[in-house]
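Positions in the sequence shown are counted from 1; adding 124 to them yields the working numbering. Let me begin by presenting the structure, written as structure tokens, before commenting on it.
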Amino acid sequence: MTLDTAPQTGFPIPAGVFAETVTEVQHYTDSLFRFRITRPAAFRFRSGEFVMIGLPNAEKPVFRAYSIASPSWDEEIEFYSIKVAGGPLTEHLQKIQVGDTVLMRRKPTGTLVNDALLPGKRLWMFATGTGIAPFASIIRDPETYEKFDQLILCHTCRTAGELTYGRDLVTALKADPLVGEMAGNLTLYDTLTREDWPRTGRQTDLMASGKIFADLGVPTINPDDDRGMICGSIAMLHDTRAALEGFGLEEGANNRPATFVVEKAFVD
Ligand SMILES: Cc1cc2nc3c(=O)[nH]c(=O)nc-3n(C[C@H](O)[C@H](O)[C@H](O)COP(=O)(O)OP(=O)(O)OC[C@H]3O[C@@H](n4cnc5c(N)ncnc54)[C@H](O)[C@@H]3O)c2cc1C
């Protein structure tokens, strides 16, 4: 449906932007929530890509990059979001309700896509915080299970409530009729840095000590078998990139597939 003005605010919808309706909102913590919007029939994307979104609350709305957390086959679009106090977009976005309008630019993009990786045996996905969002898309896409024998999703946060989105997602996925059986090859390895938890510590430290490989019962990462995708803060990307390069992996891009790829979860 094409709208000229936003129903709630009366502000004009900018040209070339989809105006979609919120269908579901779920809050996890004071600083994290997920929401789903209707999907325009003309909107195509590859699992793992991001898109610019905004709210129709001003003549010239603020747009921010958001990873699409739903897979490319889904009838709706899901996002997983931070709530930044005083953040130009999220101080308003965190208040959205079912029936509200969200704006979405038409062109998705990104490097965390299956096409940017050479075929391999195991896909490692390294995420901190909302960096899990693109992987929520990728682990729900049957194509990923066709390309890799084993998927390992590593998610690290500060406190336990911040792991709920990933844990619920993997539990629901394993019970899903479409990809549930394939998702038997998916392992969630989540760790905390500020609270007690069965596994604690940073992913890079757990790789350096070898604990992560021992816990999972897999060999140390090597360029013949392993492929990596990384999504987190700039500091996390820096450290994880160095760790993977230390194991002999090489960074790739859409036009030059290699053995690992990287995307910022946010700009510091
Ligand atoms: C490629 C890309 C994909 C992104 N995907 C997502 C996503 O899926 N979900 C999401 O919540 N955000 C995502 N972001 C961040 C997003 O674009 C916004 O920065 C965020 O929504 C906050 O917007 P804001 O206008 O309220 O505040 P901003 O002015 O954009 O941010 C204010 C400050 O908040 C901090 N911050 C911003 N985003 C985050 C975050 N996600 N986690 C921790 N601290 C943060 C940073 O220190 C930043 O300087 C992505 C950013 C990039 C570059």
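All C-beta atoms in this analysis are idealised placements derived from N, C-alpha and C, irrespective of residue type, glycine included.
Give the straight-line distance between the Cα atoms of residue i and residue j, rounded to the nearest whole angstrom.
| i | j | result |
| --- | --- | --- |
| Tyr204 | Glu286 | 11 Å |
| Gly308 | Ile354 | 22 Å |
| His279 | His151 | 19 Å |
| Asp363 | Thr328 | 7 Å |
| Ile358 | Val386 | 10 Å |
| Arg351 | Leu236 | 12 Å |
| Ala389 | Gly356 | 5 Å |
| Ala240 | Gly234 | 10 Å |
| Gly370 | Ala260 | 27 Å |
| Asp128 | Val186 | 18 Å |
| Glu374 | Pro131 | 48 Å |
| Asp349 | Arg188 | 36 Å |
| Asp300 | Tyr289 | 16 Å |
| Gly376 | Val342 | 24 Å |
| Val208 | Asp320 | 25 Å |
| Glu267 | Ala284 | 31 Å |
| Gly140 | Leu302 | 34 Å |
| Phe142 | Gln218 | 20 Å |
| Ala296 | Ile336 | 24 Å |
| Arg380 | Arg365 | 17 Å |
| Met393 | Met306 | The structure shown does not extend to residue 393, since the chain is modelled only from 125 through 392, so no value can be given for it. |
| Thr383 | Val294 | 25 Å |
| Gly210 | Ile262 | 31 Å |
For residue i, collect the residues of the same chain with a Cβ closer than 6 Å to its Cβ; drop the 5 residues on either side in sequence, then sort them by chain order.
| i | result |
| --- | --- |
| Glu202 | Arg160, Ala193, Ser194 |
| Ser191 | Phe174, Ala257, Pro258 |
| Gly304 | Lys298 |
| Ala367 | Thr328, Met331 |
| Phe272 | Leu247 |
| Pro136 | Thr129 |
| Asp392 | Ile358 |
| Tyr269 | Met306 |
Helix, strand or coil, according to DSSP, for residue i in the structure here?
| i | result |
| --- | --- |
| Arg291 | helix |
| Asp350 | strand |
| Asp154 | coil |
| Gln274 | strand |
| Phe390 | coil |
| Leu312 | strand |
| Phe169 | coil |
| Pro266 | helix |
| Ser194 | coil |
| Glu286 | helix |
| Phe250 | strand |
| Leu297 | helix |
| Ser205 | strand |
| Phe337 | helix |
| Gly255 | helix |
| Leu373 | coil |
| Ile137 | coil |
| Thr328 | helix |
| Leu302 | coil |
| Ala359 | helix |
8 Å is my cut-off, CB to CB: does residue i come that close to chain C?
| i | result |
| --- | --- |
| Pro322 | The chain labelled as chain C is not found in the depicted structure, where only one protein chain is given. |
Quick one: what's got a C-beta closer than 8 Å to residue i's C-beta in the same chain, skipping five residues either side?
| i | result |
| --- | --- |
| Thr324 | Thr315, Leu316, Thr317 |
| Ile206 | Ser155, Leu156, Thr214, Gly253, Thr254, Phe390 |
| Asn346 | Phe371, Gly372 |
| Thr344 | Gly334, Phe337, Phe371 |
Residues in its own chain within less than 7 Å of residue i by CB, not counting five upstream and five downstream?
| i | result |
| --- | --- |
| Val149 | Phe157, Phe159, Ile220, Gln221, Val222 |
| Thr133 | Pro180, Asn181 |
| Glu200 | Thr147, Arg160, Ile161, Thr162, Arg163, Ser194 |
| Pro212 | Val186 |
| His216 | Leu179, Asn181 |
| Leu361 | Ile354, Val386, Lys388 |
Assuming residue i contacts residue j (C-beta within less than 8 Å), just tell me the rounded distance between them.
| i | j | result |
| --- | --- | --- |
| Glu183 | Pro164 | At roughly 23 Å, the Cβ-Cβ gap does not stay under 8 Å, so Glu183 and Pro164 are not in contact. |
| Asp265 | Ser171 | 4 Å |
| Val146 | Asp224 | 5 Å |
| Leu310 | Leu275 | 4 Å |
| Leu312 | Leu277 | 5 Å |
| Ser196 | Phe169 | 6 Å |
**Request:** Check whether the stretch 219-232 touches the stretch 167-183, taking contact to mean three or more Cβ pairs, one atom from each stretch, closer than 8 Å.
**Result:** Pairwise C-beta distances place the stretch 219-232 in contact with the stretch 167-183, as three or more of them are shorter than 8 Å.
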